[in-house]
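Numbering (my numbering), first residue to last: 166 to 391. Below: the structure, in structure tokens.
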């Protein structure tokens with residue numbers, strides 16, 4: 166299921182930090198950019214035109230967040246592997262974040278009045294070895310489990326953006342809570358994806374409750390022992 170967060174407050178990248186995709190020698194309107202998770206991709210889109218982003222094979226969009234949803238129209242295709250971007254207000258500059266099942270993408274969007282040769286109609290990504298990354302191996306060392314053993318996950322890990330939890334097939338799934346800054350429990354709204362319970366966030370402490378039983382998972386710092 167795709168969840169769209171529009172509008173959202175995101176980190177704003179400076180124009181100097183943006184990497185603009187190089188043009189195709191045959192047609193400069195068709196561009197390719199090397200994927201780099203630490204790089205912001207700059208996109209100029211002309212009024213009256215739209216730009217298509219094509220993501221890697223097997224990738225599916227899970228979340229979209231844009232800084233100025235009034236000035237931009239951002240729509241995925243039905244399969245969730247392409248994104249159509251269209252400016253609604255000339256001169257608007259904002260940022261866009263796209264989260265797929267495999268990667269995180271960051272963009273800086275600029276709406277221009279007329280198309281120029283560097284304004285792409287389509288942008289695709291080139292990946293290392295042109296292979297989508299495999300899901301990270303479950304790392305139980307990232308969390309310390311305590312409490313009722315019947316509620317403890319069989320595996321739990323996070324990639325810094327999402328938390329993935331697995332229970333044994335015969336386990337009854339408990340309610341999952343996080344601890345806020347005031348020490349209060351907040352019920353989390355996760356989704357089951359590929360047999361895993363996925364939360365689109367990372368929390369320092371998770372609480373699992375079922376009937377009168379309680380268990381906890383405390384996130385460990387890098388290098389810490391369970």
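Quick reminder that beta carbons are idealized off the backbone N, C-alpha and C, glycines included. Model, not experiment: these values are computed from the prediction.
| Asked | Found |
| --- | --- |
| Runs of beta strand (DSSP E) lying entirely within the segment 323-374, each at least 3 residues, in chain order | 328-331, 340-344, 350-352, 356-358, 361-364 |
| Same chain, Cβ closer than 6 Å to residue 384, five either side skipped, listed in chain order | 308, 369 |
| Environment of residue 249 [buried if 16+ CB atoms lie within 10 Å] | exposed |
| Beta-carbon proximity check, residue 371 vs residue 343, cutoff 8 Å | yes |
| Cβ-Cβ distance between residue 326 and residue 261 below 8 Å | no |
| Reduced DSSP secondary structure (H/G/I, E/B, other) of residue 381 | strand |
| Anticipated Cβ contact below 8 Å, residue 206 with residue 198, distance rounded | 6 Å |
| Rounded straight-line distance, which links the Cα of residue 322 to that of residue 329 | 5 Å |
| Per DSSP, the bridge partner or partners of residue 312 | 380 |
| Environment of residue 356 [buried if 16+ CB atoms lie within 10 Å] | exposed |
| Expected contact under 8 Å - CB spacing of residue 231 and residue 237 to nearest Å | 6 Å |
| Inter-residue spacing [alpha-carbon to alpha-carbon] between residue 276 and residue 253 | 8 Å |
| Of the residues 324, 350, 319, the one placed nearest residue 335, counting alpha carbons only | 319 |
| Same chain, Cβ closer than 7 Å to residue 317, five either side skipped, listed in chain order | 310, 380 |
| Residues near residue 182 in its chain [Cβ-Cβ closer than 7 Å; skip 5 each side] | Here the model assigns residue 182 a pLDDT of 49, short of 50, so the residue's position is not dependable and the matter cannot be decided. |
| Residue 252 - DSSP class collapsed to helix/strand/coil | strand |
| Straight-line Cα distance separating residue 240 from residue 200 | 21 Å |
| Assigned secondary structure, residue 293 (DSSP; H/G/I helix, E/B strand, else coil) | helix |
| 8 Å Cβ cutoff met for residue 378 and residue 287 | no |
| Nearest-angstrom Cα separation, counted from residue 337 out to residue 360 | 14 Å |
| Local conformation of residue 209 per DSSP, three classes | strand |
| Contact under 8 Å by Cβ, residue 375 with residue 364 | no |
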